[in-house]
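J.:
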Amino acid sequence: MAKMLYAATMSLDGFIAGHGGDMSWLKPYFGPNPDMDDLVHRIGALLVGRRTFEGDDPNKGTENEGAFGGAWDGPTFVLTHQVPAEPVPSVVFMDDLERAVAAAKEAAGDKYVNILGANTARACLDAGLPDEVLVCVAPVLLGDGTRLFERPGGDNVRLERTSLTHGPLATNIWTRVLP
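When the letters of the sequence shown are read in order and numbered with my numbering, they come out as residues 365 to 543.
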């Protein structure tokens with residue numbers, strides 16, 4: 365059965381996107397990262413929020429455009445309130461979290477469903493769905509943007525660190541979500 369994973373690169377001050385959804389801040393931190401390089405082969409499906417799906421890609425217009433620097437080629441499920449009229453190859457738009465997760469898990473088989481997008485991740489965490497969280501911490505302070513996880517007035521999500529690795533461009537913290 366597929367596991368749910370929230371994986372993201374984050375600035376040291378907790379942002380996964382800069383002001384206005386800007387993702388260009390990531391470019392200096394692209395490069396060798398064994399954890400992330402290996403991860404793409406362990407993912408069976410993506411569960412993506414609409415804003416992330418339509419958002420800023422720092423590799424737009426290059427051979428590296430798309431998820432995981434263009435290395436992702438598989439089923440993508442986009443959670444949205446507005447399903448587009450025109451289909452997108454290999455992308456399924458859904459308006460219900462529970463159904464989208466079920467479809468993504470089925471498509472992923474025994475691999476991960478990787479959650480992309482802060483709002484989608486928060487909805488999944490609120491529903492108790494993720495099994496693991498992987499954060500690649502880049503040595504930069506953005507000062508503003510989209511936080512990795514924000515739940516004003518909310519309760520904690522308890523995590524247990526399972527691995528900590530240091531790469532040349534980021535520190536990777538892999539955790540398991542505790543009940």
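Where a beta carbon is used, it is the ideal one built from N, C-alpha and C, also for glycine.
Taking the alpha carbon of Ala371 as the reference point, which residue from Gly517, Gly507, Leu489 and Pro543 has its own alpha carbon closest?
T.: Leu489
J.: Please classify Leu505 as buried or exposed, where buried requires at least 16 neighbouring CB atoms within 10 angstroms.
T.: exposed
J.: Which class does Met365 belong to by DSSP, given the choice of helix, strand or coil?
T.: The answer is coil: DSSP assigns Met365 none of H, G, I, E or B.
J.: Apply the 10 Å Cβ neighbour rule to Ala381 and answer buried if 16 or more other Cβ atoms are within range, or exposed otherwise.
T.: That one is buried.
J.: Would you mind reading off the limits of the beta strand (DSSP E) that contains Ala502?
T.: Glu496 to Ala502
J.: Relative to the C-alpha of Glu520, which candidate in Arg486, Gly531, Gly473 and Asp474 has its C-alpha closest?
T.: A small correction: the amino acid at residue 520 is Asn; Glu does not occupy that position in the sequence shown. Taking only the C-alpha atoms, the option nearest Asn520 is Arg486.
J.: For the ligand HEM, is there a heavy atom less than 7 Å away from the beta-carbon of His530?
T.: As for the ligand HEM, it is missing from this structure, which has no ligand bound.
J.: Does the distance from the CB of Leu369 to the CB of Val477 come in under 8 Å?
T.: yes
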